[in-house]
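A.B. asks:
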Amino acid sequence: MIPPHVLELIDSVYSAALAPQEFDAFMAAWGRHLESHAGDGAGAGAEAIIAHLERAREIMAHVRAGQDGLSRARDLVDRQGHPAWLAAGDGRVLHANAAGDALAGRRLGRVWEVVDSAAAQRSLADAVRRVAGGGETESDFLTGMLDSAPRPVLLAISALHESGPGEGPGEGSREGPAVLVRASLASWSDHMDGILARSFGLTAAETDICRLMSEGKTINETASARRRSIETVRAQVKSIYAKFGVVSQSELARLVTNLLLLSLDQPAAARGLAPADGDPRRLLRLPDGRRLAYRLRGDPRGRPFVFVHGMLLGHGIRRDLDRALAERGHCMVCVERPGYGLSDPPADWQRGVEDFAGSFSHLADHLDAPSLAVVSHTSGVLSACAAAAANPGRVAGILALAAGVPITRRAMIRRYPERIRIVAMTARHAPWALRFMFSTGARLFDRQGDEQMVRKNYEGSPVDHAALVADREVFDLVRAGHALTAERGYDGFCGDAVRIWGDWSDHLAGTGCPVTYLQGGADPICPAGWARDLAARHGHLRVATVAGAGQLLHHTHWRDVLAALTDFLDATA
Numbered sequence: 052m053i054p055p056h057v058l059e060l061i062d063s064v065y066s067a068a069l070a071p072q073e074f075d076a077f078m079a080a081w082g083r084h085l086e087s088h089a090g091d092g093a094g095a096g097a098e099a100i101i102a103h104l105e106r107a108r109e110i111m112a113h114v115r116a117g118q119d120g121l122s123r124a125r126d127l128v129d130r131q132g133h134p135a136w137l138a139a140g141d142g143r144v145l146h147a148n149a150a151g152d153a154l155a156g157r158r159l160g161r162v163w164e165v166v167d168s169a170a171a172q173r174s175l176a177d178a179v180r181r182v183a184g185g186g187e188t189e190s191d192f193l194t195g196m197l198d199s200a201p202r203p204v205l206l207a208i209s210a211l212h213e214s215g216p217g218e219g220p221g222e223g224s225r226e227g228p229a230v231l232v233r234a235s236l237a238s239w240s241d242h243m244d245g246i247l248a249r250s251f252g253l254t255a256a257e258t259d260i261c262r263l264m265s266e267g268k269t270i271n272e273t274a275s276a277r278r279r280s281i282e283t284v285r286a287q288v289k290s291i292y293a294k295f296g297v298v299s300q301s302e303l304a305r306l307v308t309n310l311l312l313l314s315l316d317q318p319a320a321a322r323g324l325a326p327a328d329g330d331p332r333r334l335l336r337l338p339d340g341r342r343l344a345y346r347l348r349g350d351p352r353g354r355p356f357v358f359v360h361g362m363l364l365g366h367g368i369r370r371d372l373d374r375a376l377a378e379r380g381h382c383m384v385c386v387e388r389p390g391y392g393l394s395d396p397p398a399d400w401q402r403g404v405e406d407f408a409g410s411f412s413h414l415a416d417h418l419d420a421p422s423l424a425v426v427s428h429t430s431g432v433l434s435a436c437a438a439a440a441a442n443p444g445r446v447a448g449i450l451a452l453a454a455g456v457p458i459t460r461r462a463m464i465r466r467y468p469e470r471i472r473i474v475a476m477t478a479r480h481a482p483w484a485l486r487f488m489f490s491t492g493a494r495l496f497d498r499q500g501d502e503q504m505v506r507k508n509y510e511g512s513p514v515d516h517a518a519l520v521a522d523r524e525v526f527d528l529v530r531a532g533h534a535l536t537a538e539r540g541y542d543g544f545c546g547d548a549v550r551i552w553g554d555w556s557d558h559l560a561g562t563g564c565p566v567t568y569l570q571g572g573a574d575p576i577c578p579a580g581w582a583r584d585l586a587a588r589h590g591h592l593r594v595a596t597v598a599g600a601g602q603l604l605h606h607t608h609w610r611d612v613l614a615a616l617t618d619f620l621d622a623t624a
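Structure (structure tokens):
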């Protein structure tokens with residue numbers, strides 16, 4: 052039997068999947084659970100939690116299908132595989148795709164006119180207002196009827212938080228943000244049967260009950276249709292509740308309706324792995340066919356060195372630092388590690404570090420460099436060390452900015468700011484939860500905007516937070532780093548998280564080249580004292596500090612970083 056507190060956690064999982072504003076509540080519940088069970092695979096109920104996290108992530112991925120990468124709301128409507136409308140908060144139809152006009156038989160004035168009955172129209176109007184209101188409801192699902200359609204019509208209402216110029220809430224709407232309304236005929240299929248059987252373990256009888264309930268039938272009507280007693284159907288529904296992790300008929304109907312609509316969706320077109328027009332990035336094809344993306348900063352014809360980004364901050368640098376590198380004749384080769392940006396992900400998401408190390412010699416050959424100096428940032432130090440250890444003589448030296456250290460004691464993680472501590476504990480004790488955590492967190496940032504991202508990600512580092520608020524260039528660089536992490540999904544981030552918050556001392560010991568840590572004196576993630584303790588155990592490592600700097604030292608204290616970088620490149624020439 053699943054403990055009550057685990058059931059509460061599972062409920063928070065689905066809440067976060069369906070409503071991004073519930074992400075903080077999920078993180079709090081998940082953090083409490085980890086604190087209670089760290090070290091034993093997330094404790095009692097772990098198997099149930101794993102199953103529900105995966106199901107919730109699949110639902111969330113489908114809900115967003117076709118929306119990622121689209122900035123214009125009209126394009127979003129036109130690309131839907133089903134009838135769809137862009138509507139203002141007051142219901143006025145701002146745009147419809149051809150399938151929407153065809154289903155309705157005319158151009159609608161108000162989006163709720165798509166259904167026939169007055170009661171259904173009122174329900175749809177209420178749902179549109181709730182979703183557009185920006186409160187607790189991120190999406191809603193309803194069932195309606197059309198005279199022209201033989202089966203019920205499923206309607207999905209979703210808030211739109213990104214829209215192009217002139218196509219969002221400002222387009223004549225005084226009633227809040229625009230919403231996307233999608234429709235699909237409720238045609239149950241063998242495909243849907245398979246989804247419920249494979250993903251939720253439903254029997255054929257339970258699947259049939261879900262079908263009837265998706266059509267709006269009550270338990271009494273379901274019992275009559277199946278020619279079973281009400282008590283028998285109630286028992287079956289209770290079993291379905293347990294398998295779905297819900298506690299009421301309304302929750303079950305919502306999830307089943309959602310899955311039914313999603314099962315009918317046409318898959319979104321996969322983005323081709325190629326730089327868009329005007330994108331400065333280049334692609335290196337590796338011997339196994341995978342592609343490694345990079346871009347050049349500084350002087351493209353200058354002496355190359357490699358920059359290895361961390362988990363979240365990308366490879367952007369300040370314009371002043373870029374110009375200074377060019378003036379000194381240095382070419383910074385900004386590699387996008389496997390699973391980031393345009394680089395292909397590793398076959399095993401937990402082996403991105405080894406994947407990058409294996410590709411380093413091919414990158415050096417491509418740049419016609421017998422050896423390369425490597426500069427890394429934050430968690431990128433692990434990949435830099437792994438590359439040096441795997442390719443003797445090809446790495447001339449490593450300069451690690453705001454670097455991490457191997458985590459050898461749980462007490463080290465306990466010193467982290469709360470949000471990072473939860474992520475680190477998840478990576479160490481329950482890595483299967485990382486994908487869900489990062490995906491739901493990304494949706495929250497999408498909804499609440501950049502300011503929320505700044506507040507949450509850097510509230511534990513006062514000096515970095517202050518710089519992000521005061522300096523727009525720093526803010527834009529950090530935002531671009533988040534976009535690079537999300538561009539290919541979160542496998543790169545998840546793989547790094549599993550490794551960086553473990554003991555990777557073997558990679559550091561095997562580098563075979565000098566390693567310099569340049570740490571911020573106010574870095575809350577890796578205090579300079581930790582780096583000095585590490586240097587005491589590794590004779591080839593030395594530590595320097597920048598007073599008053601945090602994780603973003605190459606943005607906030609770029610002159611100090613330039614001085615250290617110039618000395619480093621001279622020493623490794």
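For the sequence shown, the numbering used here gives the first residue as 52, with consecutive numbering after it.
From the three backbone atoms N, C-alpha and C, an ideal C-beta is built for every residue, glycine too.
Remember, it's a predicted structure, so these values are computed and weren't measured experimentally.
Could you tell me which residues DSSP puts in a beta bridge with residue 385?
C.D. replies: Partner(s): 346 and 358.
A.B. asks: For residue 207, report the span of its beta strand (DSSP E) as first-last.
C.D. replies: Note, residue 207: beta strand (DSSP E), 204-210.
A.B. asks: Taking just the CA atoms, how far does residue 450 sit from residue 461?
C.D. replies: Cα to Cα, residue 461 sits roughly 27 Å from residue 450.
A.B. asks: In three-state terms, what does DSSP make of residue 569?
C.D. replies: Reduced to three states, the DSSP call for residue 569 is strand.
A.B. asks: Could I get the ranges of all uninterrupted alpha helix (DSSP H) runs contained in the region 453-483, with 4 residues as the minimum, in chain order?
C.D. replies: The region 453-483 contains these whole alpha helix (DSSP H) runs: 461-465 and 469-480.
A.B. asks: Which word fits residue 60, buried or exposed, when buried means at least 16 other C-beta atoms lie within 10 angstroms of its C-beta?
C.D. replies: Residue 60 is buried by the Cβ-count criterion.
A.B. asks: Specify the secondary structure class of residue 101 as computed by DSSP and reduced to three states.
C.D. replies: Reduced to three states, the DSSP call for residue 101 is helix.
A.B. asks: Can you tell which of 523, 536 and 330 has the C-alpha that lies nearest to the C-alpha of residue 361?
C.D. replies: Closest option to residue 361, Cα to Cα, is 536.
A.B. asks: If you follow the alpha helix (DSSP H) that residue 372 is in, where does it begin and where does it stop?
C.D. replies: Unbroken alpha helix (DSSP H) run through residue 372: 370-378.
A.B. asks: For residue 57, does the count of other Cβ atoms within 10 angstroms reach 16, so buried, or fall short, so exposed?
C.D. replies: Answer is buried; the Cβ neighbour count reaches 16.
A.B. asks: Work out the CA separation of residue 579 and residue 597 for me, nearest whole Å.
C.D. replies: Their backbone Cα atoms lie some 10 Å apart in a straight line.
A.B. asks: For residue 596, which three-state DSSP category applies?
C.D. replies: Three-state result, residue 596: strand.
A.B. asks: Per DSSP, residue 448 forms a beta bridge with which residues?
C.D. replies: Looking at the DSSP assignment, residue 448 forms a beta bridge with 424.
A.B. asks: Let me know if residue 281 comes out buried or exposed under the rule of 16 or more other beta-carbons within 10 Å of its beta-carbon.
C.D. replies: Exposed, by the Cβ-count rule.
A.B. asks: Pick out whichever of 430, 254, 429 and 423 has its Cα sitting closest to the Cα of residue 439.
C.D. replies: Among 430, 254, 429 and 423, the Cα nearest to that of residue 439 is on 423.
A.B. asks: Nearest to residue 391 by CA position, among 379, 383, 382 and 404, is which residue?
C.D. replies: The shortest C-alpha separation from residue 391 is found at 404.
A.B. asks: Any idea what DSSP makes of residue 647, helix, strand or coil?
C.D. replies: Since the displayed the chain opens at 52 and closes at 624, residue 647 lies outside it and no answer follows.
A.B. asks: Taking all protein chains shown into account, do 16 or more other C-beta atoms lie within 10 angstroms of the C-beta of residue 378, making it buried, or fewer, making it exposed?
C.D. replies: Exposed is the call here.
A.B. asks: At which residues does the alpha helix (DSSP H) containing residue 516 begin and terminate?
C.D. replies: Segment 513-521, the alpha helix (DSSP H) holding residue 516.
A.B. asks: Can you give the beta carbon distance from residue 359 to residue 431, rounded, assuming they're within the 8 Å contact cut?
C.D. replies: Confirmed, about 4 Å.
A.B. asks: Measure how close the beta-carbons of residue 594 and residue 583 come, nearest whole angstrom, since I'm counting them as under 8 Å.
C.D. replies: Right, the Cβ-Cβ distance comes to about 5 Å (below 8 Å), so this counts as a contact.
A.B. asks: I believe residue 606 touches residue 518 by the beta-carbon criterion, under 8 Å. Please report the beta-carbon distance rounded to the nearest angstrom.
C.D. replies: The pair is a contact, with the Cβ atoms about 7 Å apart (cut-off 8 Å).
A.B. asks: DSSP three-state call for residue 398: helix, strand or coil?
C.D. replies: Coil at residue 398, not helix or strand.
A.B. asks: Pick helix, strand or coil for residue 234, following the three-state DSSP scheme.
C.D. replies: Note: residue 234 maps to strand in three-state DSSP.
A.B. asks: For residue 263 versus residue 255, is the C-beta distance shorter than 9 Å?
C.D. replies: The answer is no: Cβ separation not under 9 Å.
A.B. asks: So, helix, strand or coil for residue 603, using DSSP?
C.D. replies: Residue state, collapsed to three classes: coil.
A.B. asks: Flag this pair as touching only if the region 545-556 and the region 464-481 have three or more C-beta atom pairs under 8 Å; answer yes or no.
C.D. replies: Yes, since at least three Cβ pairs between the region 545-556 and the region 464-481 fall closer than 8 Å, the two stretches touch.
A.B. asks: Return the CA-CA distance between residue 520 and residue 526, expressed in angstroms with no decimal places.
C.D. replies: Approximately 7 Å between the Cα atoms of the pair.
A.B. asks: Spatial neighbours of residue 514 within its chain, please: C-beta separation below 6 Å, excluding the five flanking residues on both sides.
C.D. replies: Cβ neighbours of residue 514 beyond the five flanking positions: 573 and 601.
A.B. asks: Rounded to the nearest angstrom, what separates residue 375 and residue 615 at their Cα positions?
C.D. replies: Those two C-alpha atoms are separated by around 13 Å.
A.B. asks: Is residue 261 close to chain D, meaning its C-beta is less than 9 Å from at least one C-beta of that chain?
C.D. replies: Of the chains in the structure shown, none is chain D; there is only one protein chain.
A.B. asks: Do the CB positions of residue 230 and residue 260 come within less than 9 Å of each other?
C.D. replies: No, they are not a contact pair.
A.B. asks: What are the boundary residues of the alpha helix (DSSP H) that residue 609 is part of?
C.D. replies: Element bounds for residue 609: 609-622.
A.B. asks: Under 9 Å between the Cβ atoms of residue 9 and residue 163?
C.D. replies: Beyond the ends of the chain as shown, which are 52 and 624, falls residue 9; an answer cannot be given.
A.B. asks: Identify which residue in 395, 472, 343 and 452 has its Cα closest to the Cα of residue 413.
C.D. replies: For residue 413, the nearest C-alpha among the options comes from 343.
A.B. asks: State the CB to CB distance for the pair residue 410 and residue 337, rounded to an integer number of angstroms; the pair is presumed to be in contact (CB under 8 Å).
C.D. replies: Right, the Cβ-Cβ distance comes to about 6 Å (below 8 Å), so this counts as a contact.
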